[in-house]
Each structure stands twice: as C-alpha cells, then as structure tokens.
Amino acid sequence: MDITPMIDMTFLLLIFFIVTSRPTMENMIDLPKARYGSGVSERSSVIITMADQGANLPPAVYLGDGKAGQPLPDDPKLQEAEILRAVEAGFQQEGKSDVLLKAEKGIKHREVSRVAAAASQVEGIKLHLAVMEGS
Numbered sequence: 003m004d005i006t007p008m009i010d011m012t013f014l015l016l017i018f019f020i021v022t023s024r025p026t027m028e029n030m031i032d033l034p035k036a037r038y039g040s041g042v043s044e045r046s047s048v049i050i051t052m053a054d055q056g057a058n059l060p061p062a063v064y065l066g067d068g069k070a071g072q073p074l075p076d077d078p079k080l081q082e083a084e085i086l087r088a089v090e091a092g093f094q095q096e097g098k099s100d101v102l103l104k105a106e107k108g109i110k111h112r113e114v115s116r117v118a119a120a121a122s123q124v125e126g127i128k129l130h131l132a133v134m135e136g137s
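Residues 3 to 137 (my numbering) make up the sequence shown, in order.
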C-alpha cells in the first residue's frame, strides 16, 4: 500500500493553512520599550518574596525580604487578602509608595501575576519586580 499521495495531501493542507491564517490582533499588546532605570529603595518599599518549593508545589510567599520574612498561608485567597492588608498598611501607616516583588527563578508566571495583581489593588502603589544586577 502506497501512502505517498496521502502524505502529499497532508503537506499541501498544512501549507494552505499556514499561508492563509491570520493571527488575531486582540491577543497582541503594545509593550513599552525597555529602558535603563535605577534601583528602588527597600526602605520605601513593601517587600514580598516568593520562594520555589519544587516542581509540583505552589511557591511559598513571605512578607519581607527573603525567607526570614513572615510566611503567608498556602491558600491563594488568604495570601491575596494578607498581601492586600500589608500593602495598604505600608502605604497608609508607613508612607511606603512602592511594592518590591522578589520571585525566585523557576516560579511560574501565573503565580507571580496573581501576587502582583493582589499587591496592585491599592491605589497609588508602584509595583516593581526585582532582578539581579548585571556585572
């Protein structure tokens, strides 16, 4: 049994759909150009740290710098409520206008986005993602 004609048809259909398909514009966003900036003072920031616990476990979230900070519960809804309370308290009582989110390498973007969304609910806060400085 010769399957060469069937393979030819499969490739022709593949080429047809590649050439005629159009990417949807609703999924694309216009991102600002990157530019060099300065560091953020840790004194004027509420610091949230996310530590990786392994492949199938959600990250551990701490209020404060590193794992020495106050650990938050594992439930995402409780974490978000605690983060919102801490950011509001830092903004209103201590005058901290920045939130510095430190996420360890290997943490999934959806987890970082969830924590960032919880922190950015406070009006007037500037959210910063921490990175390592280049040498």
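Ideal placement from N, C-alpha and C gives every residue a C-beta, glycine not left out.
Sheet register partners of residue i (DSSP bridge)
| i | result |
| --- | --- |
| Met-52 | Val-63 and Ala-105 |
| Pro-78 | BP columns for Pro-78 are empty, so no partner. |
| Arg-111 | A small fix is needed here, since residue 111 is His in this sequence, not Arg. His-111 is not bridged to any residue. |
| Gln-72 | Leu-65 |
Anticipated Cβ contact below 8 Å, residue i with residue j, distance rounded
| i | j | result |
| --- | --- | --- |
| Glu-113 | Pro-75 | At roughly 15 Å, the Cβ-Cβ gap does not stay under 8 Å, so Glu-113 and Pro-75 are not in contact. |
| Ala-120 | Glu-82 | 4 Å |
| Leu-103 | Ala-132 | 7 Å |
| Ala-62 | Pro-78 | Actually they are not in contact, since the Cβ atoms of Ala-62 and Pro-78 sit about 12 Å apart, beyond 8 Å. |
Three-way DSSP call (helix, strand, coil) for residue i in this model
| i | result |
| --- | --- |
| Lys-98 | coil |
Exercise for the section: Could you say if the stretch 96 to 112 and the stretch 43 to 51 meet the contact criterion of at least three C-beta pairs nearer than 8 Å? Expected result: With three or more CB-CB distances shorter than 8 Å, the stretch 96 to 112 counts as touching the stretch 43 to 51.
Exercise for the section: Mind the definition here: the stretch 47 to 65 touches the stretch 104 to 121 only if three or more C-beta pairs lie below 8 Å; say whether that holds. Expected result: yes
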